[in-house]
Each structure stands twice: as C-alpha cells, then as structure tokens.
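Each remark here refers to the structure printed beneath this line.
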Amino acid sequence: MTWLSSHWSDVFSLARDHVYLAGLPLVIGLLLALPLGWAANRSRTAYPVIITTTGLLYTIPSLAMFVLLPGILGLQILDPRNVVVAMTIYTVALLARTVADGLSSVPAEVLQAATGMGLRGTRRFVTVELPLAVPVISAGLRVAAMSNVSIVSVASLIGVSQLGDLLTDGFNRVIQGELVTGIVACMVLALVFDTVIVVGTRLLTPWRSTQVAPA
Amino acid sequence: MIRFHGVTKTYAGGTTAVDDLTLTAPTGQITVLVGPSGCGKTTSLRMVNRLIEPTSGTITLDDRDTASLKASELRRGMGYVIQHAGLFPHRTVLDNIGTVPRLLGWKRAAIRERGMELLELVGLGPELAGRYPAQLSGGQQQRVGVARALAADPPVMLMDEPFSAVDPIVREQLQDEFLRLQGELGKTILFVTHDIDEAIKLGDQVAVFRVGGRLAQVSDPAYLLAHPADDFVADFVGKDRGYRSLQFQAAPRLTLHPERTALLGERPDSGRDPWVLVLDDADAPLGWVDTTLLAGPITREDLHRGGTVATVSGSLRAALDAALSSPSRRGVIVDDSGAFTGTVRAHEVLTIIEHTERPPLEEEAVT
C-alpha cells in the first residue's frame, strides 16, 4: 500500500495505456470479425477454412508476434501500433468463430419469415441477423477482452509500456508492492472491460431480460 | 387468382418434390393444400413467393408470371404466415406487425395506427403492443403472425401450417377466428396443412397431394368426402368420412319437439321421464338434470353437461351429435341467438340423412 500511495499517478497513466492497447484492438477486431464470421456462416466450405485459419493465429506466441511485426509492418520496434495490430489479430482469432456461431444461432423460422416478407441481403443482416446474434457475440467479446488485458502486458518486454511494466520492474528490482499492484490493476481493468460489455449487451438486447408469460 | 401451370420442382439429387402441378386458387377463396409429409405441399407454397424457384412450369398471379416480378416486391404483396409464427424475438409485437409497412416506406404514425387496428382485428388487447414475442403464449404469437401478414393489406395470403404448433383447443379457436376474419376480408388464400380435418373445415377448395409431389384430387370438401378419387385419397380422408360429410349438410327440415324445462332453483317433479332441461333467464340451455337424483332445488352442481347443443341453421352432423351425446337421448336445438327451441332424436336425424342426396358425381372429376 505504501508503494501504491507514492506511485499513484504512474499507475494511473500506465492503466490508461493499457486500456488503449487492449481496448482499441477489441473494437477493430470485432469490426473485422463481422464480415469474416458472416462469410464463414454463409457457406459450408468457407466455415472450416476461415475458422481454422483465424484460430491458428491465436497460437502464435505473443512475444514472437511483438518481435516479428515491426519487420513485417515496417514500423519502429517501440511503436505502440505494433501492439495494437498484434492484439487485433488475437481478437479476430477469437471473434471470427463467435460471430459465425452467433449468426448460425438465429432461428431458421425467423430467417424464413424475414425472407418471405421481402427482407433480404444487407438489410436482413443488419435488422434481423446481427441483433439476434448479439448475445453470442457478446459472450465471445468478454473472453477476448480478458485475453487482451492479459496478453498485452507482455509488450513490456519489447519496451511498449502499460501495466505490464509494474510486473517486469517489480520482478527485476524485487519490489513486492509493485508486483501486487500490477496484478491487481490488471484484474480491476479486466473487470471494468467485462462490466462495460455486459451493460452494453443489456442495452442492446432489452428483449432478453423479459419474463415468459404463462400460456 | 393464383395459377400453377405444369409446375415441377426437381432437386439436384434427382428427387422430385412437385411433379407437374396444375392448380388454380380462385380469388377470394381458401385453397388448402393437404397431404402426408414429403408430398410437396410446402414446396408448392414456397414457389408462389419464390422462396423456391420451380424447375419448370409457370406460376401466375392474376395472369402475371411471378418469375417476371422482382422477388422482394412479389413477397411484400403477399402475406406469409408460418408454423411457430417466426416472429422477430428482438422486436415488440407492434414492431413485428409493422415489418412490411416499414419496408414499403409508410409513415411512422400510419404504421402504428395500422398495428393497433390489426391487434384488435386478431383479438389481442392493446396492452400487448409493447411486449416481446417471448412474453406471449403460442396462440398469441400465432395471432401476431397473422396480423403481421395482414399489415399491408395484401390480396394474397400464404399460410404454411400456421396452426399446427398450438394445442388443440387454441387451434380450434384460431381456426374459427380465421374463418370469421376471412369472411370479412375475402383474401385469396393458399393454406398448407397435413391435417385433413383442418383442410375440410377451412377449405373452400381442397387439393390432396400424394407422396412424390403429385396432385391426387382437387374439389370442395363435401365432394371430396363423398367421392374420393382413388384408394389413396379415400384412405387419407379417413374412415369416418361418412359421418364428417354430414357437416356440409344443413338441417332445416328437422321437426322439433317441446321439452319439459326448468330454471335453476326450481324443484320439478320426477315425471314419467326423469330428465328435465335446465335453461337460464335468456332461455339458453345450461344442461340436463335427472329429477330422480334431486335432493332439493336445482343447483349448478346437479347439471349434466355432457350433451352438445346444435343450432337450427347448423349441420346434420351437429344435430346428430347433439342427440347422441345427450343423457336423455334427445338432442338440444337452439336458435341463432342461443335460445332453446326444441329437441330432436337420433332416428329422426337419420331419417333425414337417408333422404338427403349426396353430392352428385361430377363427369369431369379431377384426378
């Protein structure tokens, strides 16, 4: 507690970087996963190709990704955009499958009725399929948020600072208060992300919180 | 008017779902497509709004080839009701009903007004407008499904087993109200069901399909029951078709007999015949009582409620059933306002049946 009280503003600024490096990729990753999931859900041949490929991306160790990306993207090794791209790749890896499964969870008779009333293509996707896939996509998004908050701390090893710095520094200099602060701060941040997603989902799906009337 | 001209649907694997179908669904009438599963009735229906495209043949709507119209515009001009209603779970009842008007670009106020009007038309209270489908019972959902299909007042309705997924009592209510609604609206309706009783009850015209997508017989229900075209149709129509065909025969020539009646609270003597018919203040029959079992004035608990009631303008089937189900063996007949007019015995109804002509065999029976 004594360590934290004297480093409060440092922790706050590292937390802000952490939110940016874990949160922005979550948004970009979701936007990229939507068309991928849509394509995977549309055809039986595309599904295994897209889902396996994106799934494999998640198995690339984060340290390797952080070291390799600057060369591939042509950026300075300290550029935080490397981390944003890496975290976006992990997000897409997790969400492409979620989006595809969310879209396939839409009841067949709802789609049939929609088409039968003259709703088709993009309009059907935006007004019927996507809103009904929100609960499943949201569940996947919560997992991706946890994963991002956790993985991004590794970026301290390549010199992009965020809450992970407290862990590497605390370990190197054997400062227990700093280590504990780093761990707790990551957990609090993960909880904040989770709460935002849960509340957002509630607002988007008022139809789910309703009671089923007796017949 | 919807016309199928030699319509065939063959799938890639070589299965024929519909085989050379030629059929006319007349304007303002209910045409029921009925048959066992796999007979092509639903495929035929979905070819009308082009959810499925025919392999060959044409379908015309008021003499216009549907293939020449834009699919989405064709669909917006046809109400479509399916099993389980297929309501949008994320939209309120009112928004569900407004789906097609919104697609057609109606003003918000007009969509709302139309929605409330339809809720009332299908027998739902205005308090349901803001509910989500999951908050409704199966029967209510199905009513919303019908309201949604009617929203833009399309001249044509396509109904694919709309009442199959609800329990029998609700189904019967929905069928009765559907007939009442159709009496007011006069839509051209194609109705798919696997239930021959439903087909006979609802259809102005019934088209029986056999497995393999071939049409076995098309005719009005009375004719279908009296003259099944072949063994398949006879078998499908069922064993009690003789009895059921009575529902299409009005019973105007019944001679009614007076009956000893009583009111609740009275204490009639046990006469030669123990059964007395109890009426309410408006002369509507409440039930029979066995006077030999009466311990005091008649109470509601004493009433025998097993007997059915037939109306004077009803069918021979209803009159016969009233007699057969009555504990006194005398069938209760009421007038159209529900007031008791007299009783009839089963043998009297049977005598009339014996003197009633069956629908004559047509020269050109469709096979």
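Chains as they are written, first to last, in our numbering: chain D, 1166 to 1380; chain H, 183 to 549.
Here a beta-carbon is modelled for each residue, glycine too, at the ideal position from N, C-alpha and C.
Mapping DSSP to helix, strand and coil, what is residue i?
| i | result |
| --- | --- |
| Gly1329 of chain D | helix |
| Leu1278 of chain D | The sequence given here places Ala at residue 1278 of chain D; Leu does not occur at that position. Three-state result, Ala1278 of chain D: helix. |
| Ser1270 of chain D | coil |
| Pro541 of chain H | coil |
| Tyr1255 of chain D | helix |
| Asp455 of chain H | coil |
| His266 of chain H | coil |
| His187 of chain H | strand |
| Thr1224 of chain D | coil |
| Asp201 of chain H | strand |
| Ser497 of chain H | strand |
| Ile279 of chain H | helix |
| Val1299 of chain D | helix |
| Ile534 of chain H | helix |
| Ile234 of chain H | coil |
| Phe345 of chain H | coil |
| Ala311 of chain H | coil |
| Thr574 of chain H | Residue 574 of chain H lies beyond the residue range present for chain H, which begins at 183 and ends at 549; the question has no answer from this structure. |
| Ala1378 of chain D | Here Ala1378 of chain D scores only 46 on pLDDT, less than 50, and its place in the model should not be relied on; the value that follows carries that caveat. Three-state result, Ala1378 of chain D: coil. |
| Leu445 of chain H | strand |
| Thr481 of chain H | coil |
| Thr1370 of chain D | coil |
| Val1363 of chain D | helix |
| Thr1263 of chain D | helix |
| Ala334 of chain H | coil |
| Thr437 of chain H | coil |
Thinking C-alpha only, which one of the options is nearest residue i?
| i | options | result |
| --- | --- | --- |
| Ile480 of chain H | H:Ala501, H:Ala444, H:Val531 and H:Thr533 | H:Ala444 |
| Gln139 of chain H | H:Thr490, H:Val494 and H:Ala416 | A question about residue 139 of chain H goes unanswered here, because the residues of chain H that appear run from 183 up to 549. |
| Arg1373 of chain D | H:Leu506, H:Ala398, H:Trp470 and H:Ala316 | H:Ala316 |
| Arg258 of chain H | H:Leu340, H:His272, H:Val275 and H:Asp244 | H:Leu340 |
| Asp1359 of chain D | D:His1183, D:Ala1261 and D:Ala1304 | D:Ala1304 |
| Asn1257 of chain D | D:Asp1175, D:Val1184, D:His1172 and D:Pro1190 | Note on residue identity: the sequence assigns Val, not Asn, to residue 1257 of chain D. Cα-wise, what sits closest to Val1257 of chain D is D:Pro1190. |
| Leu543 of chain H | H:Asp518, H:Ala404 and H:Arg330 | H:Ala404 |
| Arg185 of chain H | H:Thr474, H:Glu539, H:Val338 and H:Glu530 | H:Val338 |
| Asp277 of chain H | H:Gly220, H:Ile293 and H:Pro350 | H:Ile293 |
| Gly280 of chain H | D:Leu1284, D:Pro1300 and D:Asp1266 | D:Leu1284 |
| Gly394 of chain H | H:Tyr193, H:Met183 and H:His187 | H:Tyr193 |
| Pro509 of chain H | H:Pro456, H:Arg482, H:His537 and H:Ala521 | H:Pro456 |
| Pro218 of chain H | H:Leu251, H:Leu461 and H:Phe418 | H:Phe418 |
| Glu1294 of chain D | H:Leu286, H:Glu295, H:Pro271 and H:Glu343 | H:Pro271 |
| Thr251 of chain H | H:Gly447, H:Pro440 and H:Arg232 | The residue you asked about is not Thr; residue 251 of chain H is Leu in the sequence shown. Minimum Cα distance to Leu251 of chain H is reached at H:Arg232. |
| Leu1196 of chain D | D:Leu1331, D:Ala1273, D:Ile1242 and D:Thr1263 | D:Thr1263 |
| Ile515 of chain H | H:Leu506, H:Ser507 and H:Ala501 | H:Ala501 |
| Thr225 of chain H | H:Pro208, H:Val216, H:Asp335 and H:Val200 | H:Val200 |
| Ser1269 of chain D | D:Ser1208, D:Gly1286 and D:Asp1244 | D:Ser1208 |
| Gly1202 of chain D | D:Ile1254, D:Leu1169, D:Cys1351 and D:Leu1260 | D:Leu1260 |
| Val526 of chain H | H:Ile264, H:Asp451 and H:Asp503 | H:Asp503 |
| Ile264 of chain H | H:Val352, H:Ala333, H:Val216 and H:Phe373 | H:Phe373 |
| Glu536 of chain H | H:Gly424, H:Ser452, H:Glu343 and H:Ala411 | H:Gly424 |
Residue i versus chain D: which residues are under 9 Å apart at the beta carbon?
| i | result |
| --- | --- |
| Ile264 of chain H | Glu1274, Gln1277, Ala1278 and Gly1281 |
| Tyr314 of chain H | Pro1371, Trp1372, Arg1373 and Thr1375 |
| Leu285 of chain H | Met1282, Gly1283, Leu1284 and Arg1288 |
| Leu233 of chain H | Gln1277, Thr1280 and Gly1281 |
Using the beta-carbon of each residue, which ones in chain H are nearer than 8 Å to residue i?
| i | result |
| --- | --- |
| Thr1370 of chain D | His272 |
| Pro1296 of chain D | His272 |
Spell out the partners DSSP gives residue i in its beta bridges.
| i | result |
| --- | --- |
| Pro467 of chain H | H:Leu461 |
| Ile515 of chain H | H:Ala492 and H:Gly524 |
| Asp247 of chain H | H:Thr242 |
| Gly261 of chain H | H:Met339 |
| Asp422 of chain H | DSSP lists no partner for Asp422 of chain H. |
| Leu372 of chain H | H:Thr213 and H:Leu340 |
| Asp472 of chain H | H:Trp457 |
| Thr192 of chain H | H:Thr198 |
| His529 of chain H | Beta-bridge pairing links His529 of chain H to no other residue. |
Is the CB of residue i under 9 Å away from at least one CB in chain A?
| i | result |
| --- | --- |
| Leu1284 of chain D | The question asks about chain A, but that chain is absent: this structure's protein chains are D and H. |
Which bits of chain H does residue i rub up against, with CB to CB less than 7 Å?
| i | result |
| --- | --- |
| Ile1293 of chain D | Reading off the sequence, residue 1293 of chain D comes out as Val, not Ile. Correct list: Phe270. |
List, in chain order, every chain D residue whose beta-carbon is nearer than 7 Å to that of residue i.
| i | result |
| --- | --- |
| Thr281 of chain H | Met1282 |
| Ser254 of chain H | Gly1283 and Arg1285 |
Name the chain D residues whose beta carbon is nearer than 8 Å to that of residue i?
| i | result |
| --- | --- |
| Ser250 of chain H | Within 8 Å Cβ-Cβ: nothing; Ser250 of chain H doesn't reach chain D, min ~17 Å. |
| Arg258 of chain H | Met1282 and Gly1283 |
At which residue ranges does the stretch 378-420 of chain H contain complete alpha helix (DSSP H) runs of 4 or more residues, listed in the order of the chain?
The stretch 378-420 of chain H contains these whole alpha helix (DSSP H) runs: 378-384, 403-408 and 413-419.
Please give me, in chain order, every unbroken run of the alpha helix (DSSP H) with length at least 4 that falls completely inside the stretch 1172-1225 of chain D.
Taking 4 residues as the shortest admissible run, the stretch 1172-1225 of chain D contains the following complete alpha helix (DSSP H) segments, listed from N- to C-terminal end: 1173-1207 and 1211-1222.
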